[in-house]
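Novice:
In the numbering used here, the protein residues as written are 1471 to 2118.
1) Give the DSSP-derived three-state secondary structure of residue 1642 in the structure shown.
2) Does residue 2048 pass the burial test, meaning 16 or more other C-beta atoms within 10 Å, or should it be called exposed?
3) Please report the distance separating the alpha-carbon of residue 1958 from that of residue 2004.
4) With DSSP as the reference, please indicate the residues paired to residue 1537 in a beta bridge.
5) I need the boundaries of the beta strand (DSSP E) containing residue 1582, first residue and last residue.
6) How would you call residue 1884, buried or exposed, if buried means at least 16 neighbouring beta carbons within 10 angstroms?
7) Please report the straight-line C-alpha distance between residue 1955 and residue 1729, rounded to a whole angstrom.
8) On the DSSP bridge list, what partners appear for residue 1637?
9) For the stretch 2051-2081, list the beta strand (DSSP E) runs that are entirely contained and at least 3 residues long, ordered along the chain.
10) Once the 5 residues before and after residue 2084 are set aside, which same chain residues still bring their CB inside 6 Å of it?
11) Output needed for residue 1886: all residues of its chain with C-beta closer than 7 Å, excluding positions within five of it in sequence on either side, in chain order.
12) On a CA-only basis, which of 1875, 1996, 1947 and 2065 is nearest residue 1843? Give me that one, please.
13) Return helix, strand or coil for residue 1745, following the three-state DSSP convention.
14) Using 8 Å as the threshold, is the C-beta distance between residue 2051 and residue 2079 below it?
15) Quick one: what's got a C-beta closer than 6 Å to residue 1563's C-beta in the same chain, skipping five residues either side?
16) I'd like to check one pair, residue 1695 with residue 1686: are the Cβ atoms closer than 8 Å?
17) If contact is defined by three or more beta carbon pairs under 8 Å, each pair taking one atom from either stretch, is the stretch 2058-2069 in contact with the stretch 1943-1955?
18) By how many angstroms is the C-alpha of residue 1839 removed from the C-alpha of residue 1810?
19) Keeping to the same chain, check which residues put their C-beta closer than 6 Å to that of residue 1486; ignore five residues upstream and five downstream.
20) Should the stretch 1598-1607 be called in touch with the stretch 1866-1875, which here means at least 3 C-beta pairs below 8 Å?
21) Using CA coordinates, which residue listed in 1641, 1789 and 2068 is at the minimum distance from residue 2002?
22) Can you tell me where the beta strand (DSSP E) with residue 1955 in it begins and where it stops?
23) Leaving out five residues before and five after residue 1631 in sequence, what residues of the same chain have Cβ atoms less than 7 Å from its Cβ?
24) Taking C-alpha atoms, which residue in 1801, 1794 and 1579 lies nearest to residue 1889?
25) Do three or more CB pairs link the stretch 1611-1621 to the stretch 1651-1665 at distances below 8 Å?
26) Between which two residues does the alpha helix (DSSP H) holding residue 1840 run?
27) Contact defined as beta carbons within less than 8 Å: I believe residue 1938 pairs with residue 1828. What is the distance between those atoms, to the nearest angstrom?
28) Note down the Cα distance separating residue 1931 from residue 1942, rounded to an integer number of angstroms.
29) Tell me the start and end of each unbroken alpha helix (DSSP H) in the stretch 1488-1534 that is at least 4 residues and wholly inside, in chain order.
30) Tell me which residue opens and which closes the beta strand (DSSP E) that residue 1666 is part of.
31) Taking just the CA atoms, how far does residue 1905 sit from residue 2100?
32) Assuming residue 1916 and residue 1720 make a contact with CB atoms under 8 Å, what is their CB distance in whole Å?
33) Check this for me: beta carbons of residue 1920 and residue 1782, under 8 Å apart or not?
34) Check whether the Cβ atoms of residue 2014 and residue 1972 sit closer than 8 Å, and answer yes or no.
35) Is DSSP giving residue 1813 helix, strand or coil here?
36) By alpha-carbon positions, which one of 1550, 1520 and 1676 ends up nearest to residue 1474?
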């Protein structure tokens, strides 16, 4: 039985959390809060029971209903209240508000399921670096509708991670009752992953504390995952006032609620707790009223463009592109044990679908992680590692599969820097091969980079045969700031990083971090400006020659490495001279990279330009060689379309 002083302390904490939540609702009704609020009223003891078992160096990952978890773990009432009031002295400067919190070893995000693989990545780092630290991630019953959760449970069990998954089953996924959104049984679902399970509920406080302690101790002592199911009930609406539940049901749980029962059975003690909590919280809020909000200049991050771009000689390696990528990993895994390669089929002897990783798993067995077919989870896993100071390189076997990673890229990796008020960087690197010309057909041949540009804080880099990929990856490693997606063209892997043999042309590269290659005529003014990237570079030699022989027109070509954020200043100089601007890409025409290049240039120049976009046909890429060669731009098609532009 719980000792009297412990019981009193627990109720003091719970009452203070509840009254903080009630303050938020009051401030919202007064128009002093913006957005939405997800309160934990009725669920306070869940957070207290679990977080009181955790240590200062543990890590907590939470969801949209995170206030109680944060307060129980961090005891930072002022920071949370300031955050929801939109003040710059809030946890995240008021940017994250109710759902998006970060404070050193606590983070929350509002996407159900997506937080779990991130917690797994964090716990992998904890397992490597500590004998004691663990991670706890809070989910709800509604999360069991998310496929990413099952991918993550599989990883968690496979890698024996010191991670406690806490499920607060409040019997509703927002407005949908459990019986309508979950088939079968929560515990049995988790047991199928060979994860140890514990079960309790909110209304038996002693059992809740015992079960929480047992679950945390299991994870900490055995360095293995566990799952804690807490049956509970939220007394308030999902957010603010949108409640469609039966009022009789809500009233029943209000009567069961431990704080409400304590209020009746220990009214004098409760009244003291209540008044103390209300006074403290009101005092915090009153002091924050005059605090400033974050100004827009401190929120927006402007892209720092490099001034005075200079062009210099290219040093070619005359080695295969695949060999140079392998060499980078071999060298940097040897230098830095925190360089981690993650992906499907990446271990020896298979060594990756395109044989990039080769024998790296033999050379660095602790730095190559082979995964199930779980693109979303392995991306989130990499994000978690990057938050802990690692250099994770996530390999997505085919670029077509990157669609399965988009939630992790857009709503997690891309958001964290600004969402958490620049307190954290997320330098995960995602590598993936794109492009056709190998007969792999509609779902293994696409160039989907147009869907990746313009994502908050995410750089998109495209390799090509003229720039040593080792150099690109070395830059990414050294920059170590924001998420990077690297597009590797699959037909380029076996090509050499070598010079294009072109008479009367000079080939140079810019001194930018991610260089642009310029192919310029010697002693002649160009007539055409062509911009391309990636695998399309292989077409350029014949295109330049044929356009000159057929039309006596001289081309200047720019091969860009950085697709997003795109920089066009050096291209503009050429386009203003030639008045003819052509973009060439292997992706689809509509909404493509070419469209972005052209629109960016048009915004900046004052002269009229003749414009042509050359790209793949707007149909799926077929396996049949003749048809594939027609759908994806080939040399003859490029020459023909440029000829049309000239004769218009």
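Just so it is clear, CB atoms sit at the ideal spot from N, CA and C, and this is done for glycine as well.
Bear in mind that the values here come from a model prediction, so they are computed numbers and not experimental data.
Specialist: In this structure, then:
1) Sequence index remark: in the chain shown, residue 1642 carries index 172 (1-based). If DSSP states are grouped into helix, strand and coil, residue 1642 belongs with the strands.
2) Indexing the chain shown from 1 puts residue 2048 at position 578. Buried, since its Cβ has 16 or more Cβ neighbours within 10 Å.
3) Indexing the chain shown from 1 puts residue 1958 at position 488. Indexing the chain shown from 1 puts residue 2004 at position 534. Approximately 7 Å, taken between the alpha carbons.
4) Mapped onto the chain shown, residue 1537 falls at position 67. In the DSSP secondary-structure assignment, residue 1537 is not bridged to any residue.
5) Position 112 of the chain shown holds residue 1582. In the DSSP assignment, residue 1582 falls outside any beta strand (DSSP E), carrying neither H nor E.
6) For the purposes of this step, residue 1884 is taken as residue 414 along the chain shown, with counting starting at 1. With 16 or more Cβ atoms within 10 Å of its Cβ, residue 1884 is classed as buried.
7) Residue mapping note: residue 1955 aligns to position 485 of the chain shown, counting from 1. Residue mapping note: residue 1729 aligns to position 259 of the chain shown, counting from 1. Cα-Cα distance, rounded: 49 Å.
8) If you number the chain shown from 1, residue 1637 lands on position 167. DSSP lists 1609 and 1699 as partners of residue 1637.
9) You should have found no qualifying run.
10) Within the chain shown, residue 2084 is the residue found at index 614, counting from 1. Counting only Cβ-Cβ distances below 6 Å, and skipping sequence neighbours, we find 2054, 2103, 2108 and 2111.
11) Counted from its first residue, the chain shown places residue 1886 at position 416. These residues qualify, in order along the chain: 1894 and 1896.
12) Within the chain shown, numbered from 1, the residue matching residue 1843 stands at position 373. Minimum Cα distance to residue 1843 is reached at 1875.
13) Residue 1745 sits at position 275 when you count from the first residue of the chain shown. Of the three classes helix, strand and coil, the one that applies to residue 1745 here is helix, per DSSP.
14) Locating residue 2051 in the chain shown gives position 581, where the first residue counts as 1. Locating residue 2079 in the chain shown gives position 609, where the first residue counts as 1. For residue 2051 and residue 2079, yes; Cβs fall inside 8 Å.
15) Taking the chain shown and counting its residues from 1, one reaches residue 1563 at position 93. Taken in chain order, the residues that qualify are 1764 and 1891.
16) Counted from its first residue, the chain shown places residue 1686 at position 216. Counted from its first residue, the chain shown places residue 1695 at position 225. Not a contact, by the Cβ cut-off of 8 Å.
17) Segments in contact, no.
18) Translated into positions along the chain shown, residue 1810 becomes position 340. Translated into positions along the chain shown, residue 1839 becomes position 369. Rounded to the nearest angstrom, the two C-alpha atoms are 7 Å apart.
19) Indexing the chain shown from 1 puts residue 1486 at position 16. Closer than 6 Å at the Cβ level, and outside the excluded window around residue 1486, lie 1747.
20) Three or more beta-carbon pairs separated by less than 8 Å are not found between the stretch 1598-1607 and the stretch 1866-1875, which leaves the two stretches without contact.
21) Here residue 2002 refers to the residue found at position 532 when the chain shown is read from its first residue. Checking every option, the nearest Cα to that of residue 2002 belongs to 2068.
22) Position 485 of the chain shown, counted from the first residue, corresponds to residue 1955. From DSSP, the beta strand (DSSP E) with residue 1955 extends over 1954-1959.
23) Locating residue 1631 in the chain shown gives position 161, where the first residue counts as 1. The answer, listed in chain order, is 1590, 1593, 1594, 1597 and 1695.
24) As a working note, residue 1889 is residue 419 in the chain shown. Nearest Cα to residue 1889 within the set 1801, 1794 and 1579: 1579.
25) Taking a cut-off of 8 Å for Cβ pairs, the stretch 1611-1621 and the stretch 1651-1665 touch, as three or more such pairs fall below it.
26) If you number the chain shown from 1, residue 1840 lands on position 370. Taken as a continuous stretch (DSSP letters only), residue 1840 belongs to no alpha helix (DSSP H), being part of the beta strand (DSSP E) at 1838-1840.
27) Taking the first residue of the chain shown as position 1, residue 1938 is located at position 468. Taking the first residue of the chain shown as position 1, residue 1828 is located at position 358. Rounded to whole angstroms, the Cβ separation of residue 1938 and residue 1828 is 19 Å, and the two are not in contact under 8 Å.
28) Looking up residue 1931 in the chain shown gives position 461. Looking up residue 1942 in the chain shown gives position 472. Rounded to whole angstroms, the gap between the alpha carbons of residue 1931 and residue 1942 is 9 Å.
29) Unbroken alpha helix (DSSP H) stretches of 4 residues or longer found wholly inside the stretch 1488-1534: 1514-1521, given in chain order.
30) Indexing the chain shown from 1 puts residue 1666 at position 196. 1666-1671 is the extent of the beta strand (DSSP E) around residue 1666.
31) Within the chain shown, numbered from 1, the residue matching residue 2100 stands at position 630. Within the chain shown, numbered from 1, the residue matching residue 1905 stands at position 435. Spanning the two alpha carbons is a distance of roughly 14 Å.
32) Stepping through the chain shown from its first residue, residue 1916 is reached at position 446. Stepping through the chain shown from its first residue, residue 1720 is reached at position 250. 50 Å between Cβ atoms; not a contact.
33) Taking the first residue of the chain shown as 1, we reach residue 1920 at position 450. Taking the first residue of the chain shown as 1, we reach residue 1782 at position 312. Not a contact, by the Cβ cut-off of 8 Å.
34) Counting from one through the chain shown, the residue named residue 2014 turns up at place 544. Counting from one through the chain shown, the residue named residue 1972 turns up at place 502. Between residue 2014 and residue 1972, the C-beta gap is smaller than 8 Å, which places the two residues in contact.
35) As a working note, residue 1813 is residue 343 in the chain shown. In the structure shown, residue 1813 sits in a strand (DSSP, three-state: E or B).
36) The count along the chain shown starts at 1 and reaches residue 1474 at position 4. When C-alpha distances from residue 1474 are compared across 1550, 1520 and 1676, the shortest belongs to 1676.
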